[in-house]
Structure formats: C-alpha cells, structure tokens
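Q: So the sequence shown is numbered by the working numbering: it starts at 611 and just counts up by one.
Each residue gets a CB set at the ideal place from its N, CA and C atoms; glycine is no exception.
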Amino acid sequence: MTDQTLISGAPRVKFKWYQVIDPITKLLFILDMTLLSFASMNLLLQAGLILVATLLLLFSKLSSTIFKALGFSLFMICTMLIIQGLFYSRNQTVLFSVLGVSFYKEGLIYATTLGCRVLVIILTSGFFMVTTSISENAAYLELSGLSYKTVYVLMSVCYILPEMMRNMRKIQQAQKVRGTNPQKTLIQKLKSILPVLIPLVIKTLDQSMARSISLQLRGFDNPNRTVRTSQRVYRLSRTLHIGLTGLAILLIGWKIWTMINGL
Numbered sequence: 611m612t613d614q615t616l617i618s619g620a621p622r623v624k625f626k627w628y629q630v631i632d633p634i635t636k637l638l639f640i641l642d643m644t645l646l647s648f649a650s651m652n653l654l655l656q657a658g659l660i661l662v663a664t665l666l667l668l669f670s671k672l673s674s675t676i677f678k679a680l681g682f683s684l685f686m687i688c689t690m691l692i693i694q695g696l697f698y699s700r701n702q703t704v705l706f707s708v709l710g711v712s713f714y715k716e717g718l719i720y721a722t723t724l725g726c727r728v729l730v731i732i733l734t735s736g737f738f739m740v741t742t743s744i745s746e747n748a749a750y751l752e753l754s755g756l757s758y759k760t761v762y763v764l765m766s767v768c769y770i771l772p773e774m775m776r777n778m779r780k781i782q783q784a785q786k787v788r789g790t791n792p793q794k795t796l797i798q799k800l801k802s803i804l805p806v807l808i809p810l811v812i813k814t815l816d817q818s819m820a821r822s823i824s825l826q827l828r829g830f831d832n833p834n835r836t837v838r839t840s841q842r843v844y845r846l847s848r849t850l851h852i853g854l855t856g857l858a859i860l861l862i863g864w865k866i867w868t869m870i871n872g873l
C-alpha cells in the first residue's frame, strides 16, 4: 500500500459534518438566525427557524444540558404567555376565558413571538455549544485575529446558560438533601426556583470573574503567548463568512428601513 498515513503510522481521522465548519461560521449562523427571528412578527417564519435549528441539533448530537435549558426556557415562556395574555398594554380581543379570567389575543401573539425568539436563540446556541469545544473556539478565534479579551467575552456569553443550569442543579440537590422544597408539584418547583434566581445569577457572574482572573494569572492575556493551532481543516470558511456576513448586513439594513418607514 502507498497510503502515506499507513506508512507513517498516523491514523486518518474522519470528522463529522459539523466538525469541518469553523466556529466563526457557527457564530455568524447564530447571528443571522437571531436577526431573522427579530426582523419579523410572522409566526410561520418563527416556526420555520425553530424547525431548522431543531434539525441541526438532531443531525449533530444532543446533550442533556440542551434539554434542561429548553425545559427552563419553556417554563419562562409559559410565564410570559400568562402575563402578556392578561396584562399586555395593547390587549383588545378576548380569545378565551378560564374561570372568569380572560386571555387576550394580542398579548398571547406577542408572548408567542417572544417565546419563539427565545427558542431560536437557545437552539442555535445549543448547536454551537455541543459541536465545538471551548479550547477549539478560543484557538480559532485568536488565530483569526481577535484579541484574547474579545474571545473571552464571546465564550463567556455562549457558555453562561449551561453554567447557570449546573449551579441550579447543585442548589436543587442541596435542597433535596436537606429535605426542603420536595418539588413534587409544579407550584413547589416554582417556589423553589424563584427565591434563588438572584443568588444564582450573582454566583454565575462571580464564577466568570474568578475564571477570568485565573486565566490572566496563567498568562493567557500575554501578547507574546503562542496560540495553539487547530488540527482541523475547515471547508468553505471564507465563502461562508462572506455570505453570512452579507446576510446579516441585509437583515439589519432591512430592519432599519422598516422602522424608518413605520412598516
């Protein structure tokens, strides 16, 4: 055999389809999907975006963290539906009533649109998180010319939700061990979540700050530091960057034009 990989003894690594897409392309994809979602109030478009993001997750790989993030997001969406359906400032048309409480069409449509946008962000960000590692993201972005501080901010934003979910699980496990808040019903789960929301956010931000200080002490912000190169060969990176960036510019311009013309 004349295969050089067999002669050298180095195994040929086969990458899956999502592993040959560079991190910047994935970030631009998240940006475009988010802009598309925020550019329109059409629920059919929102459903299509959710379907695309869901298919990407199904054909890449699934993670328990994604399911837990979706569960938390759905809980927040249900809360928005109740609040906006009752108290939205533009409510006029009664859609249905439950036990004498009227829910309005305008508020429910508005809350549904907001919920769809949240799901688009969660699903696309989830695709990014499960298909790329933090080390690869950081190395690629730095090799692309971004500064260490910019890379750290981007990575912190993308991974803050899983960090919050891990902290929430730790709090719930501690509550179960102590015998407080058995969480057998939805009301009990709600009572156990609401009091810890503010401490949860503060703890997550404090962990981000501690991680930043630790990286600085290790010299990661040293301008003379040698960045580890990636072993992967990405396909059509430049073409995808140009296309997705152009689409983002068009979406932003179209949104500004519709706002100026009151459409």
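Can you check whether the CB of ASP642 is closer than 7 Å to the CB of TYR844?
A: In the sequence shown, the residue the question calls residue 844 occupies position 234. In the sequence shown, the residue the question calls residue 642 occupies position 32. Cβ distance not < 7 Å, so TYR844 and ASP642 don't count as in contact.
Q: Can you look up PHE697 in the DSSP assignment and give me helix, strand or coil?
A: In the sequence shown, residue 697 corresponds to position 87, counting from 1. Helix.
Q: With 16 other CB atoms within 10 Å as the buried threshold, where does GLY668 fall?
A: Locating residue 668 in the sequence shown gives position 58, counting from the first residue. Residue identity check: residue 668 is Leu in the sequence provided, not Gly. Classification for LEU668: exposed.
Q: Relative to the C-alpha of LEU684, which candidate in SER699, GLU716, LEU724, TYR698 has its C-alpha closest?
A: Here residue 684 refers to the residue found at position 74 when the sequence shown is read from its first residue. Measuring from the Cα of LEU684, the nearest candidate turns out to be LEU724.
Q: Considering only their Cβ atoms, is the gap separating ALA748 from VAL761 smaller than 7 Å?
A: Translated into positions along the sequence shown, residue 761 becomes position 151. Translated into positions along the sequence shown, residue 748 becomes position 138. The answer is yes: Cβ separation under 7 Å.
Q: Please check the pair LEU733 and ILE660, which I expect to be a contact at CB under 8 Å, by giving their CB distance rounded to whole angstroms.
A: Within the sequence shown, numbered from 1, the residue matching residue 733 stands at position 123. Within the sequence shown, numbered from 1, the residue matching residue 660 stands at position 50. Yes, LEU733 and ILE660 are in contact; Cβ-Cβ is about 7 Å, under 8 Å.
Q: Tell me which same chain residues have a C-beta within less than 6 Å of the C-beta of LEU861, skipping the five on either side of it?
A: Within the sequence shown, residue 861 is the residue found at index 251, counting from 1. LEU645, ALA649.
Q: Would you kindly report the start and end of the unbroken alpha helix (DSSP H) that includes SER847?
A: Numbered from 1 along the sequence shown, position 237 holds the residue referred to as residue 847. 847-870 is the span of the alpha helix (DSSP H), which, as asked, contains SER847.
Q: When the distance is taken between beta carbons, is GLY710 closer than 7 Å to GLN694?
A: Position 84 of the sequence shown, counting from 1, holds the residue named residue 694. Position 100 of the sequence shown, counting from 1, holds the residue named residue 710. Going by C-beta atoms, GLN694 is not nearer than 7 Å to GLY710.
Q: Considering just the uninterrupted stretch of the beta strand (DSSP E) at PHE713, what are its terminal residues?
A: Locating residue 713 in the sequence shown gives position 103, where the first residue counts as 1. Start and end: 711-714.
Q: Who pairs with PHE706 in a beta bridge, going by DSSP?
A: Indexing the sequence shown from 1 puts residue 706 at position 96. BP columns for PHE706 point to PHE713.
Q: With DSSP run on the structure shown, which of helix, strand or coil describes ILE631?
A: As a working note, residue 631 is residue 21 in the sequence shown. Reduced to three states, the DSSP call for ILE631 is coil.
Q: What is the DSSP secondary structure of THR742, counted as helix, strand or coil?
A: Taking the sequence shown and counting its residues from 1, one reaches residue 742 at position 132. Reduced to three states, the DSSP call for THR742 is coil.
Q: Within 10 angstroms of its Cβ, does VAL730 collect 16 or more other Cβ (buried), or is it exposed?
A: As a working mapping, residue 730 is identified with position 120 in the sequence shown. Buried, by the Cβ-count rule.
Q: Excluding sequence positions up to five away, which residues of its chain have a Cβ less than 6 Å from the Cβ of MET651?
A: The residue labelled residue 651 in the question sits at position 41 within the sequence shown. Taken in chain order, the residues that qualify are THR723.
Q: Between the Cα of ILE577 and the Cα atoms of ASP816, ALA858, LYS865, GLN783, which residue gives the shortest distance?
A: Residue numbering for the chain in the displayed model covers 611 to 873; residue 577 lies beyond these limits and cannot be assessed.
Q: Excluding five sequence neighbours on each side, which residues of the same chain lie with their C-beta closer than 7 Å to the C-beta of MET774?
A: As a working mapping, residue 774 is identified with position 164 in the sequence shown. Contacts found: LEU810, THR814.
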